[in-house]
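Reading through the structure tokens given below for one structure.
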Ligand code: SF4
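Residue numbers (this note's numbering): 11 to 228.
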């Protein structure tokens, strides 16, 4: 069990470790992911493993406003789930009723703070916060005989709700598997900051960076 207070959650006996959110005061942006990976469990910090590498080096560096906010420690990082879930159909995230119940139990550990912009990375955070909207959209797509949209069909979508701007982005871990999508990720962040400026960055190759960034983890 990740924590004693997890009792009653469907992942209470199968989830591994615990990674708290990194909520910073006066944040301009809160970046919302799905669940921690193994590196996050070791360091107890969200977005510091593979996905964090892609987010910081391939995406945020290309959007100066976001890079400056990061350097000023005005970006918060949170996850929907706070332990590492077991694999379900090749993905470390629960499905169906188990997903809904785990997400509900895990709200006890999550706050978004008061950042005016929330960047929702991937399917799970998008469906968690906008379940009604996306289920309605799925129903219309099915009715029309269309494929239901996935994350790629919603990149850069913006909702204004509860005094916050919510922006849909692909999850950086997905971009790591499909590097051709890096520009789509940058576009989503550009929309989040309300800017047209996306600068070219010299990408650090993942293989070259492993030893220098996470020597203790390899
Ligand atoms: S999903 Fe959240 S509430 Fe459930 S076991 Fe993991 S950390 Fe605990």
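Glycine included, each C-beta is placed from N, C-alpha and C at the ideal position. Computed from a predicted structure; not experimentally measured.
Cβ pair residue 178, residue 164 closer than 7 Å: Against a cut-off of 7 Å, the Cβ pair of residue 164 and residue 178 comes out as a contact.
CA nearest to the CA of residue 160, picked from 147, 68, 109 and 27: Among 147, 68, 109 and 27, the Cα nearest to that of residue 160 belongs to 147.
DSSP beta-bridge partners of residue 43: Residue 43 has 89 as its beta-bridge partners, per DSSP.
Strand pairing of residue 153, partner residues [DSSP]: For residue 153, which the question treats as bridged, DSSP gives no partner whatsoever.
Three-state secondary structure (DSSP) of residue 161: The answer is helix: DSSP assigns residue 161 an H, G or I state.
Same chain only: Cβ atoms within 6 Å of residue 192, ignoring 5 sequence neighbours per side: Contacts found: 68 and 185.
Integer-rounded CB distance, given that residue 93 should sit under 8 Å from residue 28: Cβ-Cβ separation between residue 28 and residue 93: approximately 6 Å, consistent with a contact (criterion under 8 Å).
Residue 95 beta carbon less than 7 Å from that of residue 21: In this structure, residue 21 lies near residue 95, with their beta-carbon atoms less than 7 Å apart.
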